[in-house]
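Engineer:
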Amino acid sequence: SRFSRDERPFRKNEFAKKPFSEKRGRSKDARNAERPDSSGLIRLNKYISNSGVCSRREADELIKIGLVTVNGQVVTEMGHKVKPTDDVRYEGRRLHREKPVYILLNKPKGFITTTDDPQERRTVMSLIAGACSERVYPVGRLDRNTTGLLLFTNDGELADKLTHPSYNIKKIYKVELDKPLTKNDLTKITEGVTLEEGVVPIDDVAIVSEDKKTIGIELHIGWNRVVRRIFETLGYDVVKLDRSVYAGLDKKDTPRGKWRFLKPEEIVHLKHYK
Numbered sequence: 003s004r005f006s007r008d009e010r011p012f013r014k015n016e017f018a019k020k021p022f023s024e025k026r027g028r029s030k031d032a033r034n035a036e037r038p039d040s041s042g043l044i045r046l047n048k049y050i051s052n053s054g055v056c057s058r059r060e061a062d063e064l065i066k067i068g069l070v071t072v073n074g075q076v077v078t079e080m081g082h083k084v085k086p087t088d089d090v091r092y093e094g095r096r097l098h099r100e101k102p103v104y105i106l107l108n109k110p111k112g113f114i115t116t117t118d119d120p121q122e123r124r125t126v127m128s129l130i131a132g133a134c135s136e137r138v139y140p141v142g143r144l145d146r147n148t149t150g151l152l153l154f155t156n157d158g159e160l161a162d163k164l165t166h167p168s169y170n171i172k173k174i175y176k177v178e179l180d181k182p183l184t185k186n187d188l189t190k191i192t193e194g195v196t197l198e199e200g201v202v203p204i205d206d207v208a209i210v211s212e213d214k215k216t217i218g219i220e221l222h223i224g225w226n227r228v229v230r231r232i233f234e235t236l237g238y239d240v241v242k243l244d245r246s247v248y249a250g251l252d253k254k255d256t257p258r259g260k261w262r263f264l265k266p267e268e269i270v271h272l273k274h275y276k
């Protein structure tokens with residue numbers, strides 16, 4: 003089993019499925035848009051994301067506000083294409099394609115998920131300091147007091163994919179509450195608790211401890227603090243929150259506070275996540 007004794011699946015067979023199965027991919031038109039241009043040109047936002055600066059969606063914003071130049075000229079046109087040999091710069095710094103890097107961290111409590119903090123609080127970047135010379139950034143986020151799996155990469159295309167709602171990236175959390183979860187509230191969570199964004203779709207949820215204070219929950223949406231808010235809405239305090247599975251990756255070889263590079267087969271799985 004990919005779960006330890008206190009992180010076993012909620013139902014015996016429910017999580018025995020192979021990672022990355024039954025995922026909804028994008029439309030045929032969207033897939034066609036990913037194919038390389040026969041002329042060798044690539045979209046400017048992809049060039050920027052391949053340099054490790056940010057994701058492609060974030061690159062669109064940099065282009066839009068005029069922070070990117072191509073061969074000395076500011077480019078604000080969405081969809082602009084460049085040659086691999088063009089001089090592309092962001093805020094005056096020339097960008098080069100980097101070797102893609104993929105790092106998995108088992109985040110401890112007390113670190114914020116950001117690449118830079120003006121208040122000089124401890125960030126997750128300090129936990130992977132020295133891991134590589136390439137500029138990597140976290141994919142998505144975990145709250146300061148939430149522990150568990152967090153992926154870092156400079157692969158902007160993959161980062162976009164893993165954070166886009168259409169891919170239904172599955173996450174499994176272990177939640178420790180201040181009091182036992184009632185059967186009635188378990189039913190409410192299963193049917194969908196209503197938050198300000200709407201009804202929360204839950205893929206699976208179960209009580210996994212005898213005292214009924216430890217809950218396993220699987221979901222794919224990425225709303226801010228969604229797991230904590232589900233239980234807070236029902237009158238519970240979340241004592242501990244840990245992400246034990248992310249997009250098919252687990253904590254088996256990654257102790258708390260440690261990181262590792264993804265294995266080649268894990269990278270392939272993520273890139274073909276549908």
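Here the sequence shown is numbered in my numbering, starting from 3 and rising by one per residue.
We put the CB at the ideal spot given by N, CA and C, even for glycine.
Here the structure is a predicted model, which means the values were calculated and not measured.
Give me, in chain order, the residues of the same chain whose beta-carbon lies closer than 6 Å to that of L221; leave out the 5 immediate sequence neighbours on both sides.
Structural biologist: So the qualifying residues of the chain are I204, D205.
Engineer: Applying the 10 Å Cβ sphere with the 16-neighbour rule, what's the burial state of P140?
Structural biologist: Buried, since its Cβ has 16 or more Cβ neighbours within 10 Å.
Engineer: Shortest alpha-carbon distance to L106 belongs to which of L188, I174, T256?
Structural biologist: The residue with the shortest Cα to Cα distance from L106 is T256.
Engineer: With a threshold of 8 Å, are at least 3 pairs of Cβ atoms found where one atom belongs to the stretch 79-95 and the other to the stretch 128-137?
Structural biologist: The answer is no - the stretch 128-137 does not touch the stretch 79-95, with fewer than three Cβ pairs under 8 Å.
Engineer: Helix, strand or coil: how does DSSP classify F113 here?
Structural biologist: Of the three classes helix, strand and coil, the one that applies to F113 here is coil, per DSSP.
Engineer: From the DSSP secondary-structure annotation, give me the bridge partner or partners of T256.
Structural biologist: Per DSSP, none; premise fails for T256.
Engineer: Output the distance between the C-alpha atoms of R58 and L264, rounded to the nearest integer angstrom.
Structural biologist: For R58 and L264, the distance between alpha carbons rounds to 22 Å.
Engineer: Can you list, in chain order, the stretches of the alpha helix (DSSP H) that have 4 or more residues and sit fully within the stretch 172-238?
Structural biologist: Counting only runs of 4 or more, we get 185-193, 228-235.
Engineer: Under the rule that 16 or more other beta-carbon atoms within 10 Å means buried, what is K20, buried or exposed?
Structural biologist: Model confidence at K20 stands at a pLDDT of 37, short of 50, so the residue's coordinates are unreliable and nothing is read from them.
Engineer: Thinking C-alpha only, which one of N73, R95, T78 is nearest K85?
Structural biologist: Checked all of N73, R95, T78; the closest Cα to K85 is N73.
Engineer: Going by CA-CA distance only, name the one from P102, I50, E100, C56 that's closest to V77.
Structural biologist: That would be I50, whose Cα lies nearest to the Cα of V77.
Engineer: Here's a check: name, in chain order, each residue in its chain whose Cβ is nearer than 7 Å to the Cβ of D187, leaving out the five neighbours to either side.
Structural biologist: Cβ neighbours of D187 beyond the five flanking positions: L236.
Engineer: In the DSSP assignment, the beta strand (DSSP E) including D244 goes from what residue to what residue?
Structural biologist: Per DSSP, D244 belongs to the beta strand (DSSP E) from 240-248.
Engineer: Closer than 7 Å by C-beta to I232: which residues in its own chain qualify, once you throw out the five before and the five after it? Chain order, please.
Structural biologist: Excluding positions up to five away in sequence, the list reads I191, V195, V202.
Engineer: With distances taken between CB atoms, is the gap from P102 to D157 smaller than 8 Å?
Structural biologist: Contact: yes.
Engineer: For the beta strand (DSSP E) that contains G150, what are its first and last residues?
Structural biologist: G150 -> beta strand (DSSP E) spans 149-155.
Engineer: State yes or no: is the C-beta of V177 within less than 8 Å of the C-beta of I223?
Structural biologist: Contact flag unset, no.
Engineer: What is the residue span of the alpha helix (DSSP H) that V270 lies within?
Structural biologist: V270 -> alpha helix (DSSP H) spans 266-273.
Engineer: Can you name, in chain order, every residue of its own chain whose Cβ lies under 7 Å from the Cβ of P266, other than the five neighbours on each side?
Structural biologist: Closer than 7 Å at Cβ, skipping near neighbours: no residue.
Engineer: Among residues of its own chain, excluding the 5 on either side of L179, which ones have a beta-carbon nearer than 6 Å to its beta-carbon?
Structural biologist: Result list for L179: K215, Y238, in chain order.
Engineer: Along the chain, where does the beta strand (DSSP E) containing R262 start, and where does it finish?
Structural biologist: 261-263 is the span of the beta strand (DSSP E), which, as asked, contains R262.
Engineer: Within the same chain, show all residues whose beta-carbon is closer than 6 Å to that of L97, passing over the 5 residues directly before and after it, in chain order.
Structural biologist: So the list reads S53, V90, once near-sequence residues are dropped.
Engineer: Looking at the structure shown, is N47 part of a helix, part of a strand, or coil, going by DSSP?
Structural biologist: In the structure shown, N47 sits in a helix (DSSP, three-state: H, G or I).
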